[in-house]
Amino acid sequence: MVCWRSIGAAAESGLNPVPPIPTAHVYRRTLDPDSQTSLAKLARRVRPGSRVLDLGAGPGVLGRYLVEALDCIVDGVEYNPTAAAEAAPWYRHLECADLESIALNEIFAGQRYDCIICADILEHLRRPGAVLAQCPRLLAAGGRVLASVPNAAHAGLIAELLAGDFRYRPEGLLDETHLRFFTCASLLRLLEEHGLRSVALDATVVELSQSEFADQWVAGGWAETLPPAVIRALLDRPEALIYQFIVTAVPVAEAGNPVEHVPAEAAAAAQAALVERLALLARPVLPALSIAIVTHAPDLNLLATVLERLDRALRHARQRELMGEARLVVVDNGPGTDWREPLQRLLKEAALPATVDLVSGHGNVGYGAGHNLALVRVADSLIPNPEHSPSPLVGEAWGRGSGRSPVAYHVILNPDVLLEEDALSEGLAFLAAHPEVGLVTPAAWGQDGQRQYLCKRYPTVLDLALRGFAPAWLRRRFQARLDRYELRDQTGDAVFWDPPIASGCFMLCRRAALERVGGFRPEYFLYFEDFDLSLRLGKVARLAYLPQVRILHRGGHAARKGLRHIRLFVRAAAMFFNRHGWRWW
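Okay, so the sequence shown: first residue is 0 according to numbering that gives the first Met the number 0, each after it adds one.
Structure, rendered in structure tokens:
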């Protein structure tokens, strides 16, 4: 049934008619239920068999889907007579009227709805709050309001404002019929002011190059001339590329704390755009990257695979112009010189796109001291970062170099770690975009396919004993505690800032930060040197877990390597706690 309040019957009934709009724009959309459009996301939030009120029904695309696919009962309101005529077959009761001139509780008297949908309608209203305020009275028990609105804080729109323009268009964020504009904060505030609270927040993402603002961001566009600080201000925001917010709200009396955080994938898209944009502004002299691998009687077949994967990662980063020269230093901590020749042969066969050095013959000086030798060798061959004075770790060695390219970044790599092809690219781009970061730690998997959690809280003796030495049945009993220790709930698919500790089978460091802390403390020999280093780095720079940097780690715990490793582990743990403070439980 359609009630045409905008034409003759409305006038005869004594109501104030809304004039027909024969030339008004009809928003013709398609609905693919598996897509990431706002209409599809709204549809997926409606349960089969629901009673639905569709405010701003348009030509009935959503209503038709809800009736045909989900067997819903749908009522609605639509202002445009042309659109209402198209929508009519799918609605039980469709009111053709101005939402702001009717009382919903009178038009739909006696009805209660499981969902009230405001799909891209609130921005077209003079007083959207007045419509929202009527919704709680029309909701059934457990009912929800589902709304989608455009994001006025999209980076493309803000950049256009900075350029001195505010150009309305037939559709889009600056649709010529939009009367109100929303950010995430103002949308949630509007809901609260009219008796509703968000319980879920979703979004659609539109890249700058796919938006109506694309011409400003392609080669020669105005935004291409922006300095890095402005690019960072535009894009280093979780909502920078959000095109529409999709919010689920319930009456305040039925809600707990409001959900205010945008989806992680939206924030990740903004970060990726920031990284890409800043990479385009990279200086002509690209920063050099050094990589250090310390070995002790290594598995040569595994090391060959490690070097093969490193080769791919280096070429990928160089292709993206994220680095200039690369230098690999392999430090052989094996006894005598027996490993020198096989390692030299392996490194020659690897044919890496990097200068390669092998340091050997010094015996087993320990993991940390071995890496410090690599840092000295790198400093002896490439010029130092002019922003920092020489480190006491290497003394004057930092000052000698050939003048080829500044060594900005350094990778500490275990000889049992396989890099994904884009691992270095993602990490280097992130460091370029975030100069305050001194250490990037990756998302890691073991050879069994299980996640390895490299970020940790400050350990207790009990945590270390359970994780390293307890039998499986006992670990299961303390699983919640171990999960908390390993920060499992915070190191998922989004960037996690400033983890207390990052364990070190792969550590992508800013060299200046390494210089400031003096590298590894060699007295640890093996184990806990990475814990100690990350704690010290955290005092001079920020640490970041970056899930886009992915590695496969084929190492194991000390308890699985024999009694000697257990003794080394316990000795290093005692040294760590003596230095940084004991925590038993």
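Glycine is no exception: its CB is placed at the ideal position from the N, C-alpha and C atoms.
I need the straight-line Cα distance from residue i to residue j, nearest angstrom please.
{"i": "residue 536", "j": "residue 353", "result": "27 Å"}
{"i": "residue 493", "j": "residue 543", "result": "10 Å"}
{"i": "residue 144", "j": "residue 567", "result": "60 Å"}
{"i": "residue 502", "j": "residue 133", "result": "54 Å"}
{"i": "residue 531", "j": "residue 575", "result": "7 Å"}
{"i": "residue 426", "j": "residue 410", "result": "10 Å"}
{"i": "residue 315", "j": "residue 241", "result": "29 Å"}
{"i": "residue 474", "j": "residue 486", "result": "16 Å"}
{"i": "residue 562", "j": "residue 570", "result": "12 Å"}
{"i": "residue 309", "j": "residue 266", "result": "29 Å"}
{"i": "residue 557", "j": "residue 572", "result": "Below a pLDDT of 50, predicted positions are generally treated as unreliable, and residue 557, at 43, falls in that range; the measurement from the model is reported next regardless. Approximately 12 Å, taken between the alpha carbons."}
{"i": "residue 350", "j": "residue 320", "result": "20 Å"}
{"i": "residue 344", "j": "residue 484", "result": "42 Å"}
{"i": "residue 243", "j": "residue 453", "result": "35 Å"}
{"i": "residue 579", "j": "residue 462", "result": "16 Å"}
{"i": "residue 49", "j": "residue 61", "result": "13 Å"}
{"i": "residue 295", "j": "residue 332", "result": "5 Å"}
{"i": "residue 14", "j": "residue 109", "result": "Because residue 14 carries a pLDDT of 32, less than 50, the predicted location of this residue cannot be relied on, and the following value inherits that uncertainty. So the two alpha carbons sit approximately 21 Å from each other."}
{"i": "residue 31", "j": "residue 130", "result": "28 Å"}
{"i": "residue 479", "j": "residue 499", "result": "19 Å"}
{"i": "residue 245", "j": "residue 356", "result": "55 Å"}
{"i": "residue 435", "j": "residue 538", "result": "12 Å"}
{"i": "residue 209", "j": "residue 459", "result": "50 Å"}
{"i": "residue 12", "j": "residue 138", "result": "Only weak support is given to the placement of residue 12: the predicted model assigns it a pLDDT of 34, under 50, and the value that follows is read from those uncertain coordinates. Rounded to the nearest angstrom, the two C-alpha atoms are 28 Å apart."}
{"i": "residue 291", "j": "residue 412", "result": "6 Å"}
{"i": "residue 299", "j": "residue 262", "result": "44 Å"}
{"i": "residue 38", "j": "residue 118", "result": "7 Å"}
{"i": "residue 512", "j": "residue 324", "result": "20 Å"}
{"i": "residue 585", "j": "residue 35", "result": "An answer regarding residue 585 cannot be provided, because it is not within the stretch 0 to 584 covered by the chain."}
{"i": "residue 136", "j": "residue 419", "result": "54 Å"}
{"i": "residue 63", "j": "residue 447", "result": "47 Å"}
{"i": "residue 347", "j": "residue 358", "result": "14 Å"}
{"i": "residue 258", "j": "residue 451", "result": "30 Å"}
{"i": "residue 120", "j": "residue 42", "result": "16 Å"}
{"i": "residue 88", "j": "residue 430", "result": "56 Å"}
{"i": "residue 508", "j": "residue 407", "result": "9 Å"}
{"i": "residue 443", "j": "residue 552", "result": "6 Å"}
{"i": "residue 432", "j": "residue 274", "result": "6 Å"}
{"i": "residue 565", "j": "residue 335", "result": "25 Å"}
{"i": "residue 103", "j": "residue 173", "result": "28 Å"}
{"i": "residue 80", "j": "residue 55", "result": "12 Å"}
{"i": "residue 268", "j": "residue 363", "result": "45 Å"}
{"i": "residue 212", "j": "residue 123", "result": "21 Å"}
{"i": "residue 253", "j": "residue 190", "result": "14 Å"}
Return the first residue and the last residue of the alpha helix (DSSP H) that residue i is part of.
{"i": "residue 483", "result": "478-484"}
{"i": "residue 574", "result": "562-579"}
{"i": "residue 49", "result": "Careful: residue 49 lies outside any alpha helix (DSSP H) and carries neither H nor E."}
{"i": "residue 141", "result": "That residue, residue 141, is in no alpha helix (DSSP H); its beta strand (DSSP E) goes 138-149."}
{"i": "residue 375", "result": "366-378"}
{"i": "residue 157", "result": "154-161"}
Since residue i and residue j should fall inside the 8 Å C-beta cutoff, what is the C-beta to C-beta distance between them, to a whole number of angstroms?
{"i": "residue 505", "j": "residue 550", "result": "5 Å"}
{"i": "residue 58", "j": "residue 86", "result": "5 Å"}
{"i": "residue 330", "j": "residue 372", "result": "5 Å"}
{"i": "residue 226", "j": "residue 277", "result": "Incorrect: roughly 11 Å between the Cβ atoms, too far for contact."}
{"i": "residue 497", "j": "residue 541", "result": "6 Å"}
{"i": "residue 206", "j": "residue 272", "result": "7 Å"}
{"i": "residue 341", "j": "residue 414", "result": "Rounded, the Cβ-Cβ distance is 13 Å, inconsistent with contact."}
{"i": "residue 305", "j": "residue 376", "result": "The pair is not a contact, with the Cβ atoms about 19 Å apart (cut-off 8 Å)."}
{"i": "residue 287", "j": "residue 326", "result": "7 Å"}
{"i": "residue 525", "j": "residue 366", "result": "5 Å"}
Using DSSP bridges, identify the partner residues of residue i.
{"i": "residue 544", "result": "440 and 495"}
{"i": "residue 418", "result": "550"}
{"i": "residue 455", "result": "500"}
{"i": "residue 505", "result": "412"}
{"i": "residue 325", "result": "288"}
{"i": "residue 445", "result": "552"}
Could you give the residue range of the beta strand (DSSP E) that holds residue i?
{"i": "residue 115", "result": "112-118"}
{"i": "residue 66", "result": "No beta strand (DSSP E) contains residue 66, which is instead part of the alpha helix (DSSP H) from 60-69."}
{"i": "residue 244", "result": "241-250"}
{"i": "residue 92", "result": "92-95"}
{"i": "residue 201", "result": "195-204"}
{"i": "residue 531", "result": "Per DSSP, residue 531 belongs to no beta strand (DSSP E); it is in the alpha helix (DSSP H), 528-536."}
For this session: Report yes or no: do the stretch 163-178 and the stretch 223-238 share at least 3 C-beta pairs separated by less than 8 Å?
Result: The way I'd put it, the stretch 163-178 doesn't touch the stretch 223-238; fewer than three beta-carbon pairs between them come closer than 8 Å.
Exercise. At a cut of 8 Å, does the stretch 189-204 reach the stretch 244-253 through at least three beta carbon pairs?
Worked result: As far as the Cβ criterion goes, the stretch 189-204 touches the stretch 244-253, which means the pair count is three or higher.
For this session: Taking 8 Å as the threshold, find out whether the stretch 106-116 comes into contact with the stretch 153-172 through three or more Cβ pairs.
Result: Under the Cβ criterion (8 Å, minimum of three pairs), the stretch 106-116 does not count as touching the stretch 153-172.
For this session: Determine contact between the stretch 64-81 and the stretch 91-107, defined as no fewer than three beta-carbon pairs at a distance below 8 Å.
Result: Pairwise C-beta distances place the stretch 64-81 in contact with the stretch 91-107, as three or more of them are shorter than 8 Å.
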